[in-house]
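What the sequence shown shows, in my numbering, is residues 148 to 349, in sequence order.
Heads up: the structure comes next, in structure tokens.
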Amino acid sequence: MSENVQTKKETFEEPSKPSVGARIKEWFRKKIVNLKRRPQNIALLFLAIASVYYMFIMFVIGGAINEINQVDSLPATGLCTFISTLLSILVLVSFLNSFPKRKKPNIVFIIITALMIAAIIGCDLGYYIPVGEYLKTPEGLTRSVAPKAQPYVLAHIILLAVAAVVFALLPVYSKLIKKINTSVKLESATENMKGGIDIQED
148 MSENVQTKKE TFEEPSKPSV GARIKEWFRK KIVNLKRRPQ NIALLFLAIA
198 SVYYMFIMFV IGGAINEINQ VDSLPATGLC TFISTLLSIL VLVSFLNSFP
248 KRKKPNIVFI IITALMIAAI IGCDLGYYIP VGEYLKTPEG LTRSVAPKAQ
298 PYVLAHIILL AVAAVVFALL PVYSKLIKKI NTSVKLESAT ENMKGGIDIQ
348 ED
């Protein structure tokens, strides 16, 4: 004896791919989530920009030092540049040690990082101010390379000052970033179901 068998065929529409706008929005959401976990990356970015910038302008500063290294009134320009170069690298290492992963911030390294930033600014000023005064003298007016380095050094001082401010304000904007809502609303499958359920009898 034959029996009727009921088969249920559920027809669903394939979920559509997210639009370009939705993808961009999701990308920004993920970036904000990462910043909520490690807001210190903002200060690290500014500090890294200042350090990398200084490495790129070394060829100009090196030429200026080579031009004025025999001037008696500028005995410490080369030393100041050397210290700035060394600390520009070490400050990044110190910053990374200030905020170890899955651990509390290291207060000792935070203080060391702040002192290094202050020392770099001090060394830059130790180069910028004496050289600027020398370039105003009759002998300094004849120099061609040293004046070109002055704007670059000043820009480095400004970048370091901005990085120092961002680093100091880290506790403030980290709290603001954590208040940003990055939660994702999950929709149930029944809400997205389109089409019907076909019931056929054979």
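Glycine is no exception: its CB is placed at the ideal position from the N, C-alpha and C atoms.
If you check the beta carbons only, do residue i and residue j fall under 9 Å apart?
i      : j      : result
LEU194 : PHE229 : no
LYS172 : LYS325 : no
ALA311 : ALA265 : yes
ARG290 : ILE215 : yes
TYR200 : ALA308 : no
TYR275 : LEU221 : no
GLY273 : THR224 : yes
Starting from residue i and walking both ways along the alpha helix (DSSP H), at which residues does that stretch end?
i      : result
THR232 : 224 to 245
SER198 : 187 to 203
SER321 : 317 to 325
ASP271 : 254 to 281
Rounded to whole angstroms, how far is the Cβ of residue i from the Cβ of residue j, which I believe are closer than 8 Å?
i      : j      : result
TYR299 : VAL240 : In fact, because the Cβ distance is near 24 Å, the residues do not count as touching under 8 Å.
SER321 : PRO186 : 4 Å
ILE305 : ILE179 : Not really, about 28 Å apart at Cβ, beyond 8 Å.
Using CA atoms only, rank isn't needed, just tell me which of the options is closest to residue i.
i      : options                           : result
THR232 : ILE257, GLY269 and ASN244         : GLY269
ILE212 : LEU307, VAL309, GLU286 and ALA293 : ALA293
ILE267 : ILE276, VAL278, ILE189 and LEU234 : LEU234
PHE256 : LEU237, GLY209 and MET205         : LEU237
PRO247 : ASN188, GLY273 and VAL309         : ASN188
VAL313 : GLY168, GLY210 and THR260         : THR260
ALA190 : ILE254, PRO318 and LEU288         : PRO318
ILE258 : LYS250, ASN244 and ARG249         : ASN244
VAL218 : LEU323, LEU316 and GLY287         : GLY287
CYS227 : PRO277, SER166 and PRO165         : PRO277
ASP271 : ASN181, MET205 and LYS164         : MET205
MET263 : LYS177, SER198, LEU192 and GLY168 : SER198
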